[in-house]
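The structure under discussion appears below in the form of structure tokens.
Okay, here's the thing in structure tokens:
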């Protein structure tokens, strides 16, 4: 009887042995798998070495060139020259007006000899310049007003006063120069002749007169 029980128990162990062994190995492997497949989770904390503060305010950077958004202040600002009508005596007026008109006459007489489109006449203080394809220019003295008058077919009539240009509060005394200037636009008679007729007038030296007036 006892031998039969031992045989039965042995047969049960034989039949259960493989399942029991597999269950233990399965449990053991289930415990080891996480260790074998474990990888370090990424660090979700920000790296302080690359963190930058965030700001919604706009940073305005100053420029160093005039065309930038915030140009630097120019040290030397361009200041237009001062223009003032000189108070002339009768003798000073005639001296200055005659000297200027003589230069204009001489210049256009030279051009008349070399060009067919220019014809000039001068009589009784009135200069008439006929220019082909432009018209007739008339330049004359006006002693009561101490002016030189111009009639231009392009820009119309203008009256020029003798002005001292460039002797302002910020400039040295005696550095101004005299020119016949149309005070409404600040353009000299020589500049207008250059602009409309492309003729350069070399004005007479008037430094002595400027010094005498000053």
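In my numbering, the protein residues as written are 5 to 218.
Each residue gets a CB set at the ideal place from its N, CA and C atoms; glycine is no exception.
Any idea which residues DSSP pairs residue 125 with across the strands? 132
Just to confirm my understanding: we take residue 137, look at its own chain, exclude 5 residues before and 5 after, and list those with CB closer than 8 Å. What are they? 121
For a quick check, are the C-beta atoms of residue 129 and residue 145 less than 9 Å apart? yes
Outcome for residue 143 when other beta-carbon atoms lying within 10 angstroms are tallied against a minimum of 16: buried
Is the beta carbon of residue 100 sitting closer than 9 Å to the one on residue 182? yes
So, helix, strand or coil for residue 107, using DSSP? helix
Quick one: Cα of residue 112 to Cα of residue 186, how far? 21 Å
So the alpha helix (DSSP H) residue 92 belongs to, where does it begin and stop? Looking at the DSSP string, residue 92 is not in any alpha helix (DSSP H), and its letter there is neither H nor E.
Is it buried or exposed, residue 89, if we count other Cβ atoms within 10 angstroms and call 16 or more buried? exposed
Minimum C-alpha distance to residue 109 - residue among 125, 95, 97, 119: 125
Ordered along the chain, which non-local residues of its own chain (more than five positions away) have a Cβ less than 7 Å from that of residue 192? 183, 184, 185
Assuming residue 194 is part of the alpha helix (DSSP H), what are its boundary residues? 193-201
Output needed for residue 204: all residues of its chain with C-beta closer than 7 Å, excluding positions within five of it in sequence on either side, in chain order. 198
Beta-carbon proximity check, residue 139 vs residue 156, cutoff 9 Å: yes
Beta-carbon contacts of residue 206 that lie in its chain and below 6 Å, excluding the five residues immediately before and after: none
Using a C-beta cutoff of 9 Å, does residue 152 count as contacting chain D? Considering every chain present, this structure includes no chain D. It has just one protein chain.
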